[in-house]
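Participant: Below is a structure I'd like to ask you about.
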């Protein structure tokens, strides 16, 4: 959701490594630039922040998301969306159109796992293919008698 509204990857100014993973587990979230806050519909921001909530019970369920999106689509279809929301959506759409190709490429690279797959990741905590590991797994009976 963050990438869609900012056209930037989260935490673009820092390495995407184990340290960032730990920070995220400790509650650090991406910052939406202040100047963009008026461009993004409040409904969308609120939903994004709920999805980021540390407490999983406060995150929206799939049923809630389905209901919310159906409600939005119904309103859009019936042209009964709040004028302010429509204005915000149009501004966000224009900003997305103005996104540079390099930013779009950066987003695509975010989802490229080739460095990790090839063992060329700069993260020292990611195992290389030539490292041996021991895996211990416990099994549980999911169908108790």
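Residue numbers (full-length UniProt numbering): 1 to 145.
For glycine and all other residues, C-beta sits at the position ideal for the given N, C-alpha and C.
This one's a predicted model, so the numbers in the text were calculated from it and none came from an experiment.
Quick check: residue 32 and residue 6, are their CB atoms within less than 8 Å of each other?
Facilitator: Here residue 32 is taken as the residue at index 32 of the chain shown, counted from 1. Here residue 6 is taken as the residue at index 6 of the chain shown, counted from 1. Their beta carbons are under 8 Å apart, which means residue 32 touches residue 6 by this criterion.
Participant: Could you give the uninterrupted runs of the beta strand (DSSP E) lying entirely in the region 41-79, keeping only those of 3 residues or more?
Facilitator: As far as the region 41-79 is concerned, it has no whole beta strand (DSSP E) run of at least 3 residues.
Participant: Return helix, strand or coil for residue 1, following the three-state DSSP convention.
Facilitator: Position 1 of the chain shown, counted from the start, is the residue given in the question as residue 1. In the structure shown, residue 1 sits in coil (DSSP, three-state: anything other than H, G, I, E or B).
Participant: Alpha helix (DSSP H) containing residue 17: first to last residue?
Facilitator: Along the chain shown, read from residue 1 onward, the residue named residue 17 stands at position 17. Note, residue 17: premise wrong, no alpha helix (DSSP H); not H, not E.
Participant: Are the CB atoms of residue 39 and residue 91 nearer to each other than 8 Å?
Facilitator: Start at 1 with the first residue of the chain shown, and residue 39 comes out as number 39. Start at 1 with the first residue of the chain shown, and residue 91 comes out as number 91. Contact: yes.
Participant: Verify whether the separation of the beta carbon atoms of residue 48 and residue 1 is less than 8 Å.
Facilitator: Counted from its first residue, the chain shown places residue 48 at position 48. Counted from its first residue, the chain shown places residue 1 at position 1. Yes, these two residues count as a Cβ contact at 8 Å.
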